[in-house]
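Enquirer:
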Amino acid sequence: MNPRKFYPFTGIFAVRGGLATTHFLNEADRRRYRYVTPAGRHIPNSWVADCWIVDRDGQVNPGTAVSPVPIRREALGRRIAEGGVR
């Protein structure tokens, strides 16, 4: 797969390699909230940007609902939805 040239501003993405287990309140949350969406404005050629951890529908993970987490650009996998946080 070709590396991304720019960090996207919108969309819900799978995460290559998964997310750290410390981001979740319980095992059910870990299975449900396994995607990310960019949290806001960032420089398009950034290597890292803050993202919300979300489910497939864009609902924010309750374990990280207070603050987005930094995600590397190369960790973004395929786009699974066009949306963002709901």
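Throughout, the working numbering is defined as the position within the sequence shown, counted from one, plus 24. Where a beta carbon is used, it is the ideal one built from N, C-alpha and C, also for glycine.
1. Between Ala63 and Asp74, is the Cβ-Cβ spacing less than 7 Å?
2. Could you check the C-alpha separation between Arg97 and Tyr57 for me, to the nearest Å?
3. Does Asp79 come out as helix, strand or coil in the three-state DSSP assignment?
4. Any idea if Trp71 is buried or exposed, counting beta-carbon neighbours within 10 angstroms, 16 or more meaning buried?
5. Could you give the C-beta distance for Gly87 and Leu49, rounded to a whole number, given that I count them as a contact under 8 Å?
Expert: On the basis of the coordinates in this document:
1. yes
2. 19 Å
3. coil
4. exposed
5. 4 Å
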